Amino acid sequence: MEPSHNSVVRTPLNSVIVQRRSKTKSYRQSYRSCLGAASRLGLTPALTARRLNTSRRAPKSHNISEKVNPEHLALLLKTEWKLSYVSPLYKFRHTQLKSYSRQLSAYIAAEKQQGLAVEVEGLQSGFRVALSVVQGLTETDDDAETVLIQIHANPLFARQDEPQRSVWSGWLTCINGNTDYLHSLPKDFTCLPLFGCSGSEYLSGLVKSWFQQTFDCCFGPLEINHTSLQWLVALWTNCHTESSIQHLKMIWTLPVVPPVQITYTVNPQDAWELWCSVRTGQQKENEEEEGGSSIDIKEVMRLMQGLKGHFFRHFRLDLSAGSLRQVTTALGSAKCNGRIKISNSRYMITTLTLLTECALLKMPI
């Protein structure tokens with residue numbers, strides 16, 4: 017089926033033309049500085065006390081393959097991404113992506129010419145950057161369109177007619193972002209808080225540096241903590257009847273000397289039956305009242321307690337003393353160090369929604 021491209025390319029809030037910055041004076045106010053004085057902007061300090069949601073809607077299958085460019089979707093699905101959070105971008109405009117592509121290409125070339133860049137993975141020269149919109153991923157009117165960044169270069173001993181190959185990829189997204197937070201931002205800021213990249217760490221550093229200089233934002237590592245990994249266990253297990261998870265694999269570490277790493281693999285049907293047994297009657301009421309079920313953190317904890325209890329009965333090891341480090345199913349994998357791979361497009365929105373929430377909780381305000 018030919019993918020639909022009806023999604024409107026948009027930058028939420030007020031859109032203005034990007035102005036060239038003066039060399040002697042900056043006409044913008046740092047987001048980090050202005051949010052440090054919350055009273056001046058009327059922002060609520062309560063945002064700093066936000067926590068991960070204790071309840072969320074059960075995953076729903078989204079057939080995004082009908083809306084998202086197949087090449088973009090294939091790239092998003094086949095790659096393991098290293099995650100970071102990004103503070104809001106000042107005067108970023110989706111309508112200026114071609115200009116940004118040229119600017120970032122020039123920035124990389126300048127770094128190389130100044131001797132600051134090193135040869136990257138056997139590549140010689142000719143870096144070409146392409147920024148594009150991934151249409152079809154937004155869930156609400158407040159979400160900014162996802163932006164894909166790709167860097168191509170010539171192989172070291174390339175023939176004259178040999179095409180450039182992709183050497184680095186990244187994206188910025190916001191899926192189901194917190195409405196209160198998004199509405200609290202000054203009008204010239206665009207929120208794309210979740211950043212994923214794959215490729216040379218050096219190129220990742222250059223891309224981040226250019227974004228920071230151009231849009232007055234800051235990047236930081238986004239780990240996926242113990243609680244978020246447990247949420248993924250529940251969310252992915254909940255999808256089993258519609259899309260088989262094939263297996264539920266968890267990696268735990270126990271705080272002993274030397275450290276012990278435990279790989280715990282659960283039969284998918286056993287995981288599903290355990291999940292069904294811990295679900296409460298409340299979800300039936302929610303389904304009737306709201307047209308869809310929800311999952312509560314108490315149910316997630318009961319699922320994890322059941323999994324740990326089963327392991328203890330067999331091996332006499334208490335995983336409660338340890339930490340969950342990695343979760344893997346046929347739908348995807350997630351690691352505590354902030355690496356994620358999404359393997360099923362139908363539940364990509366569910367996963368990115370949770371990760372967007374994690375990124376927003378890291379905002380430096």
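According to my numbering, the sequence shown is numbered sequentially starting from 17.
Just so it is clear, CB atoms sit at the ideal spot from N, CA and C, and this is done for glycine as well.
Note that the structure is a prediction, hence the values are computed from the model and not measured.
Across the set Leu-120, Met-266 and Arg-355, the C-alpha of Arg-355 shows the shortest separation from the C-alpha of Glu-96. Pairing Leu-164 with Val-149 gives a Cβ-Cβ distance under 9 Å.
For the 9 Å CB-CB criterion, Cys-190 and Leu-219 do not form a contact. Taking C-beta atoms as the reference points, Leu-198 and Tyr-101 fail to come closer than 9 Å.
Around the Cβ of Thr-296, a 10 Å sphere holds fewer than 16 other Cβ atoms; the residue is exposed. In the three-state scheme derived from DSSP, where H, G and I count as helix and E and B as strand, Leu-377 is classed as coil. Contact between the segment 247 to 263 and the segment 359 to 368 is present: three or more C-beta pairs spanning the two stretches fall below 8 Å. Close CB contacts of Phe-205 within its chain, under the 7 Å cut and outside five residues either way in sequence, are with Tyr-47, Pro-104, Leu-105 and Tyr-106 (chain order). For Cys-233, the CB contacts under 8 Å within the same chain, skipping 5 residues up- and downstream, are Tyr-47, Val-102, Ser-103, Pro-104, Leu-105, Tyr-106 and Phe-227 in chain order.
Our two residues, Gln-321 and Pro-86, have alpha carbons roughly 40 Å apart in a direct line. Counting along the chain, the unbroken alpha helix (DSSP H) around Tyr-116 starts and ends at 113 to 129. Our two residues, Phe-108 and Ser-115, have alpha carbons roughly 11 Å apart in a direct line. Here Thr-345 is buried, its C-beta having at least 16 other C-beta atoms within 10 Å.
Around Leu-347, the same chain offers Trp-252, Cys-255, Ser-259, Ile-261, Ser-359, Asn-360 and Tyr-363 as residues with beta carbons nearer than 7 Å, after the five sequence neighbours per side are excluded. Cβ neighbours of Cys-213 within its own chain (closer than 6 Å, five residues either side excluded): Lys-98, Gly-186 and Ser-220. Pairing Leu-93 with Lys-357, the inter-Cα distance amounts to about 7 Å. Put simply, of Ala-169, Ser-244, Phe-143 and Ser-225 the residue whose alpha carbon is nearest the alpha carbon of Asn-353 is Ser-244.
Closest by C-alpha distance to Arg-318, out of Glu-289, Arg-341, Asn-194 and Asn-170, is Glu-289. Distances from the alpha-carbon of Val-223 to those of Cys-207, Leu-188, Ala-375 and Leu-201 put Leu-188 closest. Lys-351 sits buried, since 16 or more C-beta atoms from the chains shown fall within 10 Å of its C-beta. The three-state secondary structure of Ile-313, taken from DSSP, is helix.
Note on geometry: alpha-carbon atoms of Thr-70 and Trp-247 lie some 10 Å from one another. CA-CA distance, Thr-195 to His-110, rounds to 20 Å.
Residue Leu-91 holds the alpha-carbon nearest to the alpha-carbon of Gln-166 among Leu-91, Ala-126, Ser-336 and Ala-287.
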